[in-house]
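Peer 1: Here it is, the structure in full.
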Amino acid sequence: MSFVKYFTAALLATSALLPALAHQDTYEEIVARDLHTIKARSALEGCKRNLIENEELHQRRLAKREEFVSQFVRERGIKRRNKLPYTKRDISARSLFEEIECVLTPQATIGPYYVESTIRKDIREGQQGLEVLYDIQFVDVKTCTVVPDLYVDIWAANATGTYGGVQPENTVGETQLRGLQKTDEDGILQVISIVPGWYTGRAVHTHVLAHKGGKVDATGKYHSGGTVPHIGQLFFDQQFITEMGKLPPYTNNKYVLLPNSGDWIFGQANTGYNALVKIENVGNTLAEGIVATISIGIDLNYHNPDIGMPGLPNPTAK
Ligand SMILES: *[C@@H]1O[C@H](CO)[C@@H](O)[C@H](O)[C@H]1NC(C)=O
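Residues in the sequence shown are numbered from 1368 upward in steps of one, following our numbering.
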């Protein structure tokens, strides 16, 4: 494994009590971030009924998801797992809430492996691994309305725990498992990827970064302007990771698997952090792929202080 990555992971892992060390944030910045999370969460509590009761929004999201899955199923020549038809009668407050719950992720660290990527929905580039169809919805925590026109970056390590496009991994120039896309009119982002593998010091995770009000240039890259109201990481159920770990090529992953419970970013939460995606099998076996669903609550007025970190383009600069 690369020394730098190990060092970074180890530093992150051992700095649970001192995240300032890893990000060089000041104490004030950490407090501000925590306070922000608490405020955002209480705003969300205040308006979430708007979202829960928005039956049309819920229906549209399900329909878009099914279309996304159907296309994948056709291309792969597999059979869609028997899905219970969704009926209005099923909507106990609880099931509906589960479906469109705003999950407030903490403003987690960007990590050392952010690289600009281009607009595309399919970011696999032939990488082997368990295919995942992400269905991610962004919701404004102040109003509980969806957030269209956000440019969202998504990136992760591959099945054997290596990031493409970064010098410490000797993968400069590789673009696999990175993509950028704009949320649609329902605040939805759909991405096809593979479930990331793990690497020493961190639990299995996918990075998500949202730019608000920026522009994309002719090459499809994020260009300029705007702010970054959200930098977060998505996690996967531990039991699911165990099952996935039995499939090739995850069986070739040489790193030490850290469970979610041991990950300081996953645990960064007395404020209601729940960034576990909801997982559903596409077909009849796990190996045929999964759908991973989550709603992410964001505060559009927030500007992430990590934005000044090296390696991250400053969207306010030209
Ligand atoms: C992960 O990426 C590295 C670097 O590109 C590559 O050497 C390795 O084969 C990849 N793993 C898999 C399972 O494709």
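Note that CB positions come from ideal geometry on N, CA and C, so glycine has one too.
#1: Using 10 angstroms around the beta-carbon of residue 1444, count the other beta-carbons present and answer buried if the total reaches 16, otherwise exposed.
#2: For residue 1669, which of helix, strand or coil comes out of DSSP?
#3: From 1610, 1507, 1604, pick the residue whose C-alpha is nearest to that of residue 1418; which is it?
#4: Starting from the N-terminal end, write out each residue whose C-beta falls within a distance shorter than 6 Å of any non-hydrogen atom of ligand 3.
#5: By DSSP's criteria, residue 1560 is part of a beta bridge. Which residues make up the other side?
#6: Do you know how far the Cα of residue 1546 is from the Cα of residue 1575?
#7: Buried or exposed, going by whether 16 or more other CB atoms sit within 10 Å of the CB of residue 1525?
#8: Taking all protein chains shown into account, do 16 or more other C-beta atoms lie within 10 angstroms of the C-beta of residue 1662, making it buried, or fewer, making it exposed?
#9: Three or more C-beta pairs under 8 Å: does that hold for the segment 1559-1573 against the segment 1611-1625?
#10: Let me know if residue 1568 comes out buried or exposed under the rule of 16 or more other beta-carbons within 10 Å of its beta-carbon.
#11: According to DSSP, is residue 1602 helix, strand or coil?
#12: Tell me the DSSP bridge mates of residue 1631?
#13: Considering only C-alpha positions, which residue in the set 1659, 1615, 1573 is nearest to residue 1627?
#14: In the DSSP assignment, the alpha helix (DSSP H) including residue 1431 goes from what residue to what residue?
#15: Throw me the rounded Cβ distance for the residue 1416 and residue 1553 pair, which I believe falls under 8 Å.
#16: To the nearest angstrom, how far is it from the Cα of residue 1634 to the Cα of residue 1406?
#17: Can you pull the DSSP bridge partners for residue 1648?
#18: In whole angstroms, what is the alpha-carbon distance linking residue 1686 and residue 1606?
#19: Which of helix, strand or coil does DSSP assign to residue 1404?
#20: For residue 1570 and residue 1404, I'd like the C-alpha separation in whole angstroms.
Peer 2: Based on what the coordinates show:
#1: Here residue 1444 refers to the residue found at position 77 when the sequence shown is read from its first residue. If you draw a 10 Å sphere on the C-beta of residue 1444, you find fewer than 16 other C-beta atoms in it, and that means exposed.
#2: In the sequence shown, the residue the question calls residue 1669 occupies position 302. Residue 1669: coil per DSSP, three-state reduction.
#3: Taking the first residue of the sequence shown as position 1, residue 1418 is located at position 51. Nearest C-alpha to residue 1418: 1507.
#4: Absence of ligand 3 from the depicted structure is noted, with ligand 1 being the only ligands included.
#5: As a first step, residue 1560 is located in the sequence shown; it is residue number 193 there, counting from the start. In the DSSP output, where bridge partners are listed per residue, residue 1560 has 1499.
#6: For the purposes of this step, residue 1575 is taken as the residue at position 208 of the sequence shown. For the purposes of this step, residue 1546 is taken as the residue at position 179 of the sequence shown. Taking the straight line joining both Cα atoms gives about 10 Å.
#7: In the sequence shown, the residue the question calls residue 1525 occupies position 158. By the C-beta density criterion, residue 1525 is buried, having at least 16 other C-beta atoms within 10 angstroms.
#8: As a position in the sequence shown, residue 1662 is number 295, starting the count at 1. Answer is buried; the Cβ neighbour count reaches 16.
#9: Counting Cβ pairs under 8 Å, three or more are found: they touch.
#10: Translated into positions along the sequence shown, residue 1568 becomes position 201. Classified as buried, residue 1568 has 16 or more neighbouring CB atoms from the shown chains inside 10 Å of its CB.
#11: Position 235 of the sequence shown, counted from the start, is the residue given in the question as residue 1602. In the structure shown, residue 1602 sits in a strand (DSSP, three-state: E or B).
#12: Taking the first residue of the sequence shown as 1, we reach residue 1631 at position 264. DSSP lists no bridge partner for residue 1631.
#13: Looking up residue 1627 in the sequence shown gives position 260. The closest CA to that of residue 1627, considering only 1659, 1615, 1573, is found on 1573.
#14: By one-based count along the sequence shown, residue 1431 stands at place 64. Boundaries of the alpha helix (DSSP H) around residue 1431: 1422-1443.
#15: On the sequence shown, position 49 is the one that residue 1416 refers to. On the sequence shown, position 186 is the one that residue 1553 refers to. The Cβ separation is near 18 Å, so there is no contact.
#16: To locate residue 1634, count along the sequence shown from 1; it is residue 267. To locate residue 1406, count along the sequence shown from 1; it is residue 39. Between residue 1634 and residue 1406, the C-alpha separation is close to 19 Å.
#17: The residue labelled residue 1648 in the question sits at position 281 within the sequence shown. Paired residue(s): 1657.
#18: In the structure displayed, the chain extends from 1368 to 1685; residue 1686 sits before or after that span and is not available.
#19: Numbered from its first residue, the sequence shown carries residue 1404 at position 37. Helix.
#20: As a position in the sequence shown, residue 1570 is number 203, starting the count at 1. As a position in the sequence shown, residue 1404 is number 37, starting the count at 1. Answer to the nearest angstrom: the Cα atoms are 22 Å apart.
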